[in-house]
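A quick write-up on the structure given underneath.
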Amino acid sequence: MRVLVVEDDPVVGPDLVQALVEAGFVVDLSRDGEDAWLRGGVEDYALAVLDLGLPKLDGLSVLKRWRAEGRGFPVLILSARSDWAEKVEGIQAGADDYVGKPFAMGELVARVRGLVRRAAGHASTLLAVGRLTLDTGRMTVAVDDRPVRLSPLEYRFLDLLAHRPGRFLAAGEIAEHLHGAADAADANAIEALVLRLRRKVGRELIESRRGFGYMLAGS
Amino acid sequence: MIRDSLRLRLLAAAAVAIFAALGLAGAGMSWFYVRHIEQREADALIRDGKLLAGGLRLDPAGRPAADARPGDDRYGEAASGLYWQLTTSKGGVRSDSLWDQSLSTTPGAERERWRIRHAPGPFGKSLLMAERPITPEHASEPVLVQVATDDAYLHAARREFNREIALSLGLLWLFLLIAAHLQVSLGLRPLAAVRRQIGALRGDPAARLPAGHPREIAPLADAINALADAREADLGRARKRAGDLAHSLKTPLAALAAQSRRAREQGALEAADGLDRALAAMRATLEAELARTRAAAAREAGRSFAADIETLIENVIAVIERTELGERLIFEVDIPDDVAVPVAGEDLTELLGALVENAARHARHRVRIRGGMAAGESRLWIEDDGPGLGRESSQAVMARGARLDEAGPGHGLGLAIVGDLMQATGGAIALDRSGLGGLEACLTWPVGQLAPQPRAPGVVSWRTRR
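Those protein sequence lines, which keep their order, are chains A and B.
Everything in the first sequence is counted per our numbering, starting at 253 for the first residue and increasing by one.
Everything in the second sequence is counted per our numbering, starting at 4 for the first residue and increasing by one.
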C-alpha cells in the first residue's frame with residue numbers, strides 16, 4: 253500500500269518514512285509542496301501525510317489543489333501550529349485527520365492505519381435510496397446530488413438503514429450495530445443522532461414510527 | 004520643594020508678581036495722594052498770598068506794608084503753624100503768629116509764578132511755603148511775599164493713608180493669591196485627569212487617553228497615546244516572536260523525538276528515556292508559552308463577539324468526528340439564536356476545541372453542547388456521558404499541565420488554556436456532573452460588561468447538585 257509523506261525537515265521526513273515502512277507501507281517522500289502536488293496528481297496513493305509548512309507551495313494549498321482535481325485519497329495533516337482554527341481550516345480543505353507536532357510516532361502510525369482501513373473498507377459502489385445517494389467506498393452521502401458532510405457515525409447509521417430497505421429498524425438494534433452489543437447506547441442517544449442527521453439531510457428523509465424504529469424514506 | 008511642584012512654582016511666581024504690582028500701585032497712590040493734598044494746601048496759601056499782594060505797598064522808607072491781611076485767626080496766634088511774611092532789602096513785615104521768628108528767604112523765586120517748596124521753619128517745624136516776588140505799583144524794588152503752613156499734618160496724613168492703603172492692599176494681595184490658587188488648580192486640573200488616565204493605561208495596554216483634552220494638553224495626550232501605541236506594538240511583536248519561536252521549535256522537537264526513537268531501537272534505552280523526559284518538558288513549556296501568548300492576545304483584542312457560534316461548534320465537531328476519538332460519538336448541538344459570547348471567533352474555537360475534544364475523549368456515546376442566556380450572563384455547556392470527575396480531580400484538571408487522562412493523546416494543557424482564555428475574556432468556568440452522567444463544563448460570561456476585566460479571576464468552582 254503506497255503512502256506519500258510530504259515533509260521538508262531532513263530528520264523528521266526520513267524518520268516518518270522509516271516508521272511507515274516498518275509498519276508495512278510502501279512510502280514515497282516529497283520535500284516540497286510543488287513536488288507533492290505533482291506526485292499526488294499522478295500516482296495512486298492510499299494516503300498522504302502532509303506537513304503544512306512547506307517550501308514552494310504550502311501544504312494547505314497542495315491539499316486544496318488535490319481535492320479540486322478530484323484526488324480523493326485520505327490526507328493526514330501534520331503541523332507545527334496545532335491550534336483549532338488551523339485544524340478546522342485543514343479539515344474544511346479536505347483533510348481527514350490532523351496531528352500536531354511534536355507527535356508520538358506510534359500514535360501517528362496508528363492514525364495512518366485507521367484512515368487507510370476506513371477508506372479501504374468497502375468496494376466503491378453507489379447505493380441510491382430515494383433522494384439519498386451513498387458512496388460506500390468514499391463513505392460520502394449526497395442528497396439530490398448535493399454532497400452532505402457527515403461524521404463516520406452518521407454515515408454508518410444511514411448505511412445501516414440503506415442496506416435494510418423497506419423495514420423499520422428499532423433504536424436498540426441500531427445502537428447494537430453502531431456500538432456493538434456489549435456497549436449499546438441508550439435510545440436517547442440514537443434519538444439525538446437522528447435529530448442531528450435530519451438537520452443535515454432533511455427531516456423527511458428519515459421516517460420514524462413509535463414502537464417500530466427508523467427507515468429511510470423511499471426505500 | 005518649589006522646584007518639584009508646578010503648582011507651588013506657579014503660586015510663588017503669582018505671589019511675588021502680585022506683591023510687586025500691589026506695592027508699586029500703593030507707592031503710586033501714596034505719592035498722588037500727598038501731591039493732591041499738598042496742591043490743595045498750596046492753593047490755599049496762594050489765595051492768602053494773593054490777598055496780601057493785592058494790598059501791598061511800600062512805605063516811604065522802602066519797607067513793605069500790607070493793607071489787606073488774610074482773615075484766618077491762626078495768623079494772629081503765636082506759633083499756630085500758619086504764617087505770612089513780606090520782605091524787601093530795607094526790611095519786612097510779618098504775621099503775629101511768627102512772633103519773633105522769621106521765614107527763611109532763599110533766592111530763586113520767580114516773578115512769573117508762585118514757588119511751592121518745603122523749608123525748615125520757626126519753632127523747629129518744617130513748613131510748606133508759597134512765595135513770589137511782587138513789585139507794587141510805582142515801586143522800584145520787588146517785595147518777596149511768603150505764606151507758609153506747618154506741614155506736620157501732611158506727613159501725618161501720608162502716614163495714615165499709607166497705613167490704610169497697605170492694609171487694604173495686603174487684603175487684596177491675599178484675595179488675589181486665593182484667586183491665583185484657584186486659577187492654578189483649575190488650569191492644572193486637566194493634568195490631574197491625564198494622570199488618572201495614564202494610571203489606567205498601565206493596567207491595560209489596549210487603553211488610550213480619550214480625546215477632548217484642552218488645546219495645550221492635547222499634544223501631550225497625543226504623544227502619550229503614540230507611546231502607548233508603540234508599546235503595544237512592541238508587546239505584540241514580542242509575543243508574536245515568542246509564539247513563532249515556540250512554533251518553530253516544534254519541528255526540531257519532532258526531529259529530536261525521531262532521534263530518541265532510533266536510540267531506543269539501537270538499545271540505548273537510558274539515553275532514549277532521558278531524551279524523552281527532556282522532550283516532554285520542552286513540549287509542556289512550549290505549549291504553556293503558546294497558551295499565554297493566545298490568552299494575552301485575547302485580552303488585548305478587547306471585546307468582540309464570535310459571529311456564528313453554532314457554525315463554529317459544527318466546525319470543531321467536524322474535526323473531532325474525523326479522529327478516532329470522535330468517530331463513534333453522537334454530537335448534539337443546541338445554541339439558541341440569542342446567545343452572544345464576548346470572545347473573538349478564533350479564541351472561542353480554541354476554547355471549544357479543547358473542551359469538546361476533552362469531552363469526546365471521555366464520552367461513551369454522546370457529547371452535548373448547549374447555550375443559553377440568563378440573568379445578564381451568556382452560558383455554554385459542554386457535557387459528556389463518560390465517567391465524570393470527582394471534586395478533587397476537577398480542581399486539579401484546571402491546573403496548568405495537569406492531564407485528565409494520562410494515557411490518552413493530547414498534551415494535557417488543553418484545559419489550562421481554557422482557564423487562561425476564560426480569565427482573559429472575563430468569564431468563568433465551572434465543572435459539574437452532567438445530566439448525561441459524565442462531566443459538564445459550564446462557561447459563563449457576564450454580558451453587561453463593557454470590556455474584558457484584565458484581572459478577573461478564572462474561577463474554578465464545584466457546585467453540588469441537589
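Using N, Cα and C, we set each Cβ at its ideal position, and we do this for glycine too.
Residues bridged to residue i (per DSSP)
i, result
"W384 (chain B)", "B:R373, B:C445"
"E113 (chain B)", "BP columns for E113 (chain B) are empty, so no partner."
"S282 (chain A)", "A:V258"
"Y350 (chain A)", "A:I329"
"H121 (chain B)", "B:L131"
"W87 (chain B)", "B:V150"
"P67 (chain B)", "B:L61"
"M467 (chain A)", "A:E459"
"P136 (chain B)", "B:L147"
"G94 (chain B)", "B:T91"
"R398 (chain A)", "A:V395"
"T218 (chain A)", "Because chain A here runs from 253 to 471, residue 218 (chain A) falls outside it and cannot be looked at."
"A378 (chain B)", "DSSP output for A378 (chain B) lists no bridge partner at all."
Three-way DSSP call (helix, strand, coil) for residue i in this model
i, result
"T296 (chain B)", "helix"
"F178 (chain B)", "helix"
"W102 (chain B)", "coil"
"V264 (chain A)", "helix"
"F334 (chain B)", "strand"
"A245 (chain B)", "helix"
"A309 (chain B)", "coil"
"V301 (chain A)", "strand"
"L421 (chain A)", "strand"
"K308 (chain A)", "coil"
"D76 (chain B)", "helix"
"P404 (chain A)", "helix"
"P345 (chain B)", "coil"
"I21 (chain B)", "helix"
"E167 (chain B)", "helix"
"V450 (chain B)", "coil"
"R367 (chain B)", "coil"
C-beta neighbour in chain A for residue i, strict 9 Å
i, result
"S381 (chain B)", "no"
"I320 (chain B)", "yes"
"D408 (chain B)", "Legend: pLDDT at D408 (chain B) = 41, less than 50; position of this residue unreliable, no value from coordinates given."
"I333 (chain B)", "yes"
"D423 (chain B)", "no"
"H365 (chain B)", "no"
"L189 (chain B)", "no"
"V344 (chain B)", "no"
"K253 (chain B)", "yes"
"D388 (chain B)", "yes"
"H368 (chain B)", "yes"
"E353 (chain B)", "yes"
"G239 (chain B)", "no"
"V336 (chain B)", "yes"
"T428 (chain B)", "no"
"R286 (chain B)", "yes"
Neighbour flag for residue i against chain B, beta carbons, 9 Å
i, result
"P417 (chain A)", "no"
"D349 (chain A)", "yes"
"V263 (chain A)", "yes"
"D431 (chain A)", "The identity of residue 431 (chain A) in the sequence shown is His, whereas the question assumes Asp. Yes, its Cβ sits closer than 9 Å to a Cβ of chain B."
"V340 (chain A)", "yes"
"D335 (chain A)", "yes"
"R401 (chain A)", "yes"
"M357 (chain A)", "yes"
"I426 (chain A)", "no"
"L332 (chain A)", "Reading off the sequence shown, one finds Ala at residue 332 (chain A), where the question assumed Leu. A332 (chain A) counts as touching chain B."
(request) Mind the definition here: the segment 283 to 300 of chain A touches the segment 386 to 398 of chain A only if three or more C-beta pairs lie below 8 Å; say whether that holds. (result) no
(message) Counting beta carbon pairs with one atom in the segment 305 to 324 of chain B and one in the segment 343 to 352 of chain B, are three or more of them shorter than 8 Å?
(response) yes
(request) Determine, using beta-carbon pairs with one atom in the segment 223 to 242 of chain B and one in the segment 42 to 62 of chain B, whether at least three such pairs fall under 8 Å. (result) no
(message) Measuring CB atoms only, is the segment 287 to 295 of chain A touching the segment 269 to 276 of chain A, in the sense that at least three cross pairs come out at less than 8 Å?
(response) no
(request) Kindly confirm or deny that the segment 444 to 458 of chain A and the segment 359 to 368 of chain A touch, where touching means at least three C-beta pairs closer than 8 Å. (result) no
(message) Just to confirm the assignment: which complete alpha helix (DSSP H) runs, minimum length 4, are found wholly within the segment 221 to 283 of chain B?
(response) 221 to 251, 253 to 268
(request) Decide yes or no for the touch test of the segment 385 to 392 of chain B against the segment 361 to 368 of chain B: beta carbon pairs closer than 8 Å, at least 3 of them. (result) yes
(message) Using a Cβ distance threshold of 8 Å, determine whether the segment 150 to 170 of chain B contacts the segment 122 to 134 of chain B, with at least three qualifying pairs required.
(response) Yes, the segment 150 to 170 of chain B is in contact with the segment 122 to 134 of chain B.
(message) Would you call the segment 255 to 272 of chain A in contact with the segment 303 to 311 of chain A, where contact means no fewer than 3 C-beta pairs closer than 8 Å?
(response) yes
(message) I'd like to know if the segment 364 to 376 of chain B and the segment 326 to 333 of chain B are in contact, where contact means that at least 3 CB-CB pairs between them fall below 8 Å.
(response) yes
(message) Using 8 Å as the cut-off, can you tell me whether the segment 133 to 146 of chain B makes contact with the segment 77 to 95 of chain B, which would need three or more C-beta pairs spanning the two stretches below that distance?
(response) yes
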